[in-house]
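>
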Amino acid sequence: MNQLDSIRSTNTIPILQGYIATYLNKHEHDTQIIDDLQDAPLTLEDLNRHMQEFRPKLVGFSGYHYLMERIRFFARFIKEYYPETKLILGGPQSLFLPGDGLKDLQDFDIICNKGEGELTTLNIAESLKSGDSFYNIPGISFKDNDQIITTNRPDCLPQDLDIYPSPYVQGVIDLSMKKTACIFTSRGCEHVCNFCVTPLFNNMRIRFHSVDHVLEEMQYLESAGMDSLWIGDPNFTAYRSRTVELMEQKINRGIRIPFWCQTRVDMVDKDLLKLMQKAGLHCIGFGLESGSDKILNTMHKEVSISRFHEIVTYAQSLGINVELFSMYGQPGETYEDARKTISIVQKYDIPIYANSCAQQLQLTCGSMYGKDPEKFGFKVSDKYIPSYLSFWHEYETDCLTRLDLRKIQAAWVLYNKETEFNIENCINIFHTVDYILEHKEMLKEEKRLYEYWLYLGSLLEDKETMMQCIKNFRKNISTDKKELTKLLKHADMYSVSDTVQNNSRVIIFCQYEGQYIPEKHYLKPGLNDLRYKIQKGTLLGMKVNESVKVTLSDGQGTNVIISVLRIFNKVKIKDVKQLDKNHLWHDYNFISYKALEQSSNELLLFLTLKSIPYSQFAGIPQVLLNLVSYYTKIHKFSEVEKCYRGMLLIPHVAYKVAETFGDIISYAGKHEEAIEYYNKSDVTEHVLIKKAYSYVKLNRHEEAFNILKNISKKEDMLYCEVMLECLHNLSADNIDEIRALSHKVVHMKVQKILENSTLAVNLKSKVASNVRA
4 MNQLDSIRST NTIPILQGYI ATYLNKHEHD TQIIDDLQDA PLTLEDLNRH
54 MQEFRPKLVG FSGYHYLMER IRFFARFIKE YYPETKLILG GPQSLFLPGD
104 GLKDLQDFDI ICNKGEGELT TLNIAESLKS GDSFYNIPGI SFKDNDQIIT
154 TNRPDCLPQD LDIYPSPYVQ GVIDLSMKKT ACIFTSRGCE HVCNFCVTPL
204 FNNMRIRFHS VDHVLEEMQY LESAGMDSLW IGDPNFTAYR SRTVELMEQK
254 INRGIRIPFW CQTRVDMVDK DLLKLMQKAG LHCIGFGLES GSDKILNTMH
304 KEVSISRFHE IVTYAQSLGI NVELFSMYGQ PGETYEDARK TISIVQKYDI
354 PIYANSCAQQ LQLTCGSMYG KDPEKFGFKV SDKYIPSYLS FWHEYETDCL
404 TRLDLRKIQA AWVLYNKETE FNIENCINIF HTVDYILEHK EMLKEEKRLY
454 EYWLYLGSLL EDKETMMQCI KNFRKNISTD KKELTKLLKH ADMYSVSDTV
504 QNNSRVIIFC QYEGQYIPEK HYLKPGLNDL RYKIQKGTLL GMKVNESVKV
554 TLSDGQGTNV IISVLRIFNK VKIKDVKQLD KNHLWHDYNF ISYKALEQSS
604 NELLLFLTLK SIPYSQFAGI PQVLLNLVSY YTKIHKFSEV EKCYRGMLLI
654 PHVAYKVAET FGDIISYAGK HEEAIEYYNK SDVTEHVLIK KAYSYVKLNR
704 HEEAFNILKN ISKKEDMLYC EVMLECLHNL SADNIDEIRA LSHKVVHMKV
754 QKILENSTLA VNLKSKVASN VRA
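The C-terminal position of the sequence shown is numbered 776 in the numbering used here, with every residue numbered one higher than the one before it.
#1: According to DSSP, is D738 part of a helix, a strand, or is it coil?
#2: Less than 7 Å between C-beta atoms, sequence neighbours within five positions excluded: which residues of the same chain meet that for L27?
#3: Determine the direct distance from the alpha carbon of D269 to that of R310, and round the result to whole angstroms.
#4: Do you know how far the Cα of Y351 is from the Cα of V315?
#5: For E292, which three-state DSSP category applies?
#6: Among D177, D107, C368 and F99, which has the Cα closest to the Cα of G142?
#7: Pick out whichever of T15, L727 and V725 has its Cα sitting closest to the Cα of D42.
#8: In this structure, how does DSSP classify C360 when only helix, strand and coil are distinguished?
#9: Could you give the distance in angstroms between the alpha-carbon of T404 and the alpha-carbon of S384?
#10: Out of L459, K485, K573 and E444, which one is the CA nearest neighbour of R508?
#11: By DSSP, does G373 sit in helix, in strand, or in coil?
#12: Any idea which residues DSSP pairs V499 with across the strands?
#13: Considering only the alpha carbon of each residue, which of N505, Y438 and H212 lies closest to K673?
#14: Apart from the five residues on each side of it in sequence, which residues of its chain come closer than 8 Å, Cβ to Cβ, to Q363?
#15: Could you check where the alpha helix (DSSP H) with Q55 kicks off and where it finishes?
#16: Going by C-alpha to C-alpha distance, which of I345, A671 and K523 sits closest to F433?
#17: With burial defined as no fewer than 16 other Cβ atoms inside 10 Å of the residue's Cβ, what is the status of E522: buried or exposed?
#18: Measure the Cβ-Cβ separation of N629 and L612 and say whether it is below 8 Å.
#19: What is the DSSP secondary structure of A771, reduced to helix, strand or coil?
#20: Three or more C-beta pairs under 8 Å: does that hold for the region 110 to 122 against the region 145 to 161?
#21: To which residues of the same chain is G649 closer than 8 Å at the C-beta, ignoring the five residues directly before and after it?
#22: Roughly how many angstroms lie between the CA atoms of S602 and E549, to the nearest whole one?
#23: Would P354 and K443 be called neighbours here (beta carbons separated by less than 8 Å)?
#24: How many angstroms separate the CA atom of L47 from the CA atom of D110?
#25: Given this structure, state the Cα-to-Cα distance separating F289 from Y591, to the nearest angstrom.
#26: Determine contact between the region 55 to 68 and the region 170 to 179, defined as no fewer than three beta-carbon pairs at a distance below 8 Å.
#27: Distance check for K485 and N585, CA to CA, integer angstroms please.
#28: Indicate whether G529 and T561 have their beta-carbon atoms separated by less than 8 Å.
#29: So, using beta-carbon positions, are L218 and Q280 closer together than 8 Å?
#30: What ranges does the alpha helix (DSSP H) occupy inside the region 367 to 445, keeping only unbroken runs of at least 4 residues that lie completely in it?
#31: Residue range of the beta strand (DSSP E) that M330 falls in?
#32: Quick one: is S641 buried, meaning 16 or more other Cβ sit within 10 Å of its Cβ, or exposed?
#33: Tell me, please, whether the region 221 to 237 touches the region 296 to 303 by the rule of three or more beta-carbon pairs shorter than 8 Å.
#34: Is any heavy atom of the ligand ATP found at a distance shorter than 7 Å from the C-beta of Q252?
#35: For A598, which residues of its own chain have a beta-carbon under 7 Å away from its beta-carbon, when the five flanking residues on both sides are left out?
#36: Should the region 179 to 193 be called in touch with the region 202 to 212, which here means at least 3 C-beta pairs below 8 Å?
See the structure below:
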């Protein structure tokens, strides 16, 4: 399960499940791996089909903290309609999880919390097949009637990983949509960093696949058409002599496939890096964790910043890309320490993206920090946290408040390459504007904040937003005229022109005669806004309302008809007074609503809608609500109020206007403002529950609870969800009530999905029987 990545991503290769399935197959048990991915989500219809066709005795879930509620959803469905099927929780979330986790995981039968996945699952499968109890299976917690039994930890883990066959070579993992494969050549770590569970689970040892096994797998994946390998070992170079042998054999056998790996800077040297580069190393990740030696010592990392500098600069000199893993929220760490980490990553010109973008430290079960947070200075939340979860991010430290932690996260997002890419390419513009404005006080000392803020304001052609940015820049950064002139260079402003030039901005409409393929075609069907940085090619010299047919160089000869709708020329802004010039602010009424309907350009939709007088929305109130959503995301609540007054004049919709506005604003995460509109609505229980939801999102749980305690609609799903959150925060000792309500909410979610599904009819008469091993 991976709701963060797509089907093409290496991150969605089910490598852990693949090892377990392959090992079970080796011992004559049938297996099946089911994906649940960002762009290929598992539906209940899909899950039911798998259950009907395969009839499993055991279903296992690989758990991660952020996925646990989704896992509980699928588990509830399986237990409701296939009650004889045993459910097991494994994966990273289960490591060192207490047996009491099963009290909150009411639909689960087993947690694999201390044993290795392959061996433990095989033992369970064998017991299900023979009818034996689970008492003699080491490394698990399980339910036996009303008791929860936790067995002993295994005496030892297999030292020779070759007992686990390759899931690739055995054909268990489908690589048809992948270009990079993930492999493991070892497991474990010998360094006990305070934040990590890996060394503790592996008894502070490293266990290996043989060099021949690894080379066979590499050779197979190269012949299968993979472009590269992602080696997931915690410390790939832990044993130097083995690494040298593996690299030399890879070269000698002519296995040319390039690879990524991760290790520690004290486990590589210059000669080893040279050899690895020769063997195909194109990128290496190091655990920087912090830019402060003091904090590295606190976490028991046992490396120095000077060693990082030596190894990182040398690796880069060889042409090897470097990624630096880091985190914030360590005991004793200040905001200045955390900000220093960003500076170090930038110092080496490493893009802050993916692996090189820091995460907040996670308090996990089993780590040194997680075992005794208070000992290390963590102040953990006193809210009720289900026993299948760890404290995770629910803490403050001796030096960092929750607000400080949010501020650090915001700084990393500000300097993230993905943020830069999205802004430069007008992707997720309204989400980015919202983020900038939401965090402008936290980031007020960062120049980049104002550069993005001004640029985005110019894209929106919103003078008020731009002037607010300039005012805050003068207050928090500099009043120096030269500094302000530098800032103004980030404004993307234009005046109307009549002929396309290289520095023009051109709004065009595209009509494809062949198939549009997003991966190949830059121009989208419908409206496109070509800014001055984009080469205009065949459009040069064209005028407004002219069209041209272009054959794209996509290897298929696809034709697209391009019509020029409006042309602008770039204007350099050198002085704030220039923003008073009317020719810089444009009316977009030239874009027809029909053209907008055929397009996916949010920015042009917004610019067009805000050019239309509110009185003209009478026949299309839904379009006005789109504008409300956009204004909410860019924090223009005075314009939202104007839209509200305009909607009140539209017949037959006025009675629902306030509630609808509250819903739109709440969905955008602006709950203070949402409550204002719910207060203007009719006082129905339905509206009151929504209002309570907004109070919960503002962490005003007592106000939410005071609303809910007088509500009679106790079978309403939103009521139950909001009440559950109130109980978590106000009545942490009321464990039985919380657990019962939590289970009820998951059940309601399953039933809601089934309500309008033909699957519900079939399930009513379903009897779980005839299952097979």
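Even glycine gets a Cβ: it sits at the ideal position worked out from N, Cα and C. In this text, all values refer to a predicted model and were calculated from it rather than measured experimentally.
To lay it out plainly:
#1: Locating residue 738 in the sequence shown gives position 735, where the first residue counts as 1. Note that residue 738 is Ile in the sequence shown, not Asp. Helix.
#2: Taking the sequence shown and counting its residues from 1, one reaches residue 27 at position 24. The residues are T34, T124, L125 and A128.
#3: On the sequence shown, position 307 is the one that residue 310 refers to. On the sequence shown, position 266 is the one that residue 269 refers to. Cα-Cα distance, rounded: 7 Å.
#4: As a working mapping, residue 315 is identified with position 312 in the sequence shown. As a working mapping, residue 351 is identified with position 348 in the sequence shown. Each residue's Cα considered, the two are about 8 Å apart.
#5: Within the sequence shown, numbered from 1, the residue matching residue 292 stands at position 289. In the structure shown, E292 falls within a strand segment according to DSSP collapsed to helix, strand and coil.
#6: Position 139 of the sequence shown, counted from the start, is the residue given in the question as residue 142. Distances from the CA of G142 to each of D177, D107, C368 and F99 were compared; the closest alpha carbon is that of F99.
#7: Within the sequence shown, the letter at position 39 stands for residue 42. That would be T15, whose Cα lies nearest to the Cα of D42.
#8: Start at 1 with the first residue of the sequence shown, and residue 360 comes out as number 357. In this structure, C360 counts as coil in the three-state DSSP scheme.
#9: Position 401 of the sequence shown holds residue 404. Position 381 of the sequence shown holds residue 384. Distance between the alpha carbons of T404 and S384 is about 12 Å.
#10: The residue labelled residue 508 in the question sits at position 505 within the sequence shown. Out of L459, K485, K573 and E444, K573 has the C-alpha closest to the C-alpha of R508.
#11: Position 370 of the sequence shown, counted from the first residue, corresponds to residue 373. Reduced to three states, the DSSP call for G373 is helix.
#12: Residue numbering aside, residue 499 sits at position 496 when the sequence shown is read from its first letter. DSSP lists F571 as the bridge partner or partners of V499.
#13: Within the sequence shown, numbered from 1, the residue matching residue 673 stands at position 670. Checking every option, the nearest Cα to that of K673 belongs to Y438.
#14: For the purposes of this step, residue 363 is taken as residue 360 along the sequence shown, with counting starting at 1. Closer than 8 Å at the Cβ level, and outside the excluded window around Q363, lie M330, Y331, G332, H396, L408, I411 and Q412.
#15: Indexing the sequence shown from 1 puts residue 55 at position 52. Residues L47 to F57.
#16: For the purposes of this step, residue 433 is identified with residue 430 of the sequence shown, where counting begins at 1. Checked all of I345, A671 and K523; the closest Cα to F433 is A671.
#17: Indexing the sequence shown from 1 puts residue 522 at position 519. It counts as exposed.
#18: Here residue 629 refers to the residue found at position 626 when the sequence shown is read from its first residue. Here residue 612 refers to the residue found at position 609 when the sequence shown is read from its first residue. Contact: yes.
#19: Against the sequence shown, residue 771 aligns to sequence position 768. Here A771 scores only 39 on pLDDT, less than 50, and its place in the model is too uncertain to base an answer on.
#20: yes
#21: For the purposes of this step, residue 649 is taken as the residue at position 646 of the sequence shown. Y617, S618, F620 and L627, listed in sequence order.
#22: Here residue 602 corresponds to residue number 599 of the sequence shown, with the count starting at 1. Here residue 549 corresponds to residue number 546 of the sequence shown, with the count starting at 1. Their Cα atoms are separated by approximately 20 Å.
#23: Position 351 of the sequence shown holds residue 354. Position 440 of the sequence shown holds residue 443. Against a cut-off of 8 Å, the Cβ pair of K443 and P354 comes out as no contact.
#24: Taking the sequence shown and counting its residues from 1, the one referred to as residue 47 is at position 44. Taking the sequence shown and counting its residues from 1, the one referred to as residue 110 is at position 107. Rounded to the nearest angstrom, the two C-alpha atoms are 16 Å apart.
#25: Residue numbering aside, residue 289 sits at position 286 when the sequence shown is read from its first letter. Residue numbering aside, residue 591 sits at position 588 when the sequence shown is read from its first letter. Rounded to the nearest angstrom, the two C-alpha atoms are 50 Å apart.
#26: no
#27: Against the sequence shown, residue 585 aligns to sequence position 582. Against the sequence shown, residue 485 aligns to sequence position 482. In a straight line, the C-alpha of N585 is about 25 Å away from that of K485.
#28: Here residue 529 is taken as the residue at index 526 of the sequence shown, counted from 1. Here residue 561 is taken as the residue at index 558 of the sequence shown, counted from 1. Their beta carbons are not under 8 Å apart, which means G529 does not touch T561 by this criterion.
#29: By one-based count along the sequence shown, residue 218 stands at place 215. By one-based count along the sequence shown, residue 280 stands at place 277. It is not a contact, given that the beta carbons lie outside the stated cut-off.
#30: As far as the region 367 to 445 is concerned, its whole alpha helix (DSSP H) runs of at least 4 residues are 371 to 374, 405 to 417, 420 to 427 and 432 to 441.
#31: Against the sequence shown, residue 330 aligns to sequence position 327. Start and end: N324 to Y331.
#32: Looking up residue 641 in the sequence shown gives position 638. Classification for S641: exposed.
#33: no
#34: The model depicted lacks the ligand ATP and carries no ligand whatsoever.
#35: Residue mapping note: residue 598 aligns to position 595 of the sequence shown, counting from 1. Its chain contains F512, G529 and L530 as the residues whose beta carbon lies nearer than 7 Å to that of A598, once the 5 sequence neighbours on both sides are disregarded; these appear in chain order.
#36: yes
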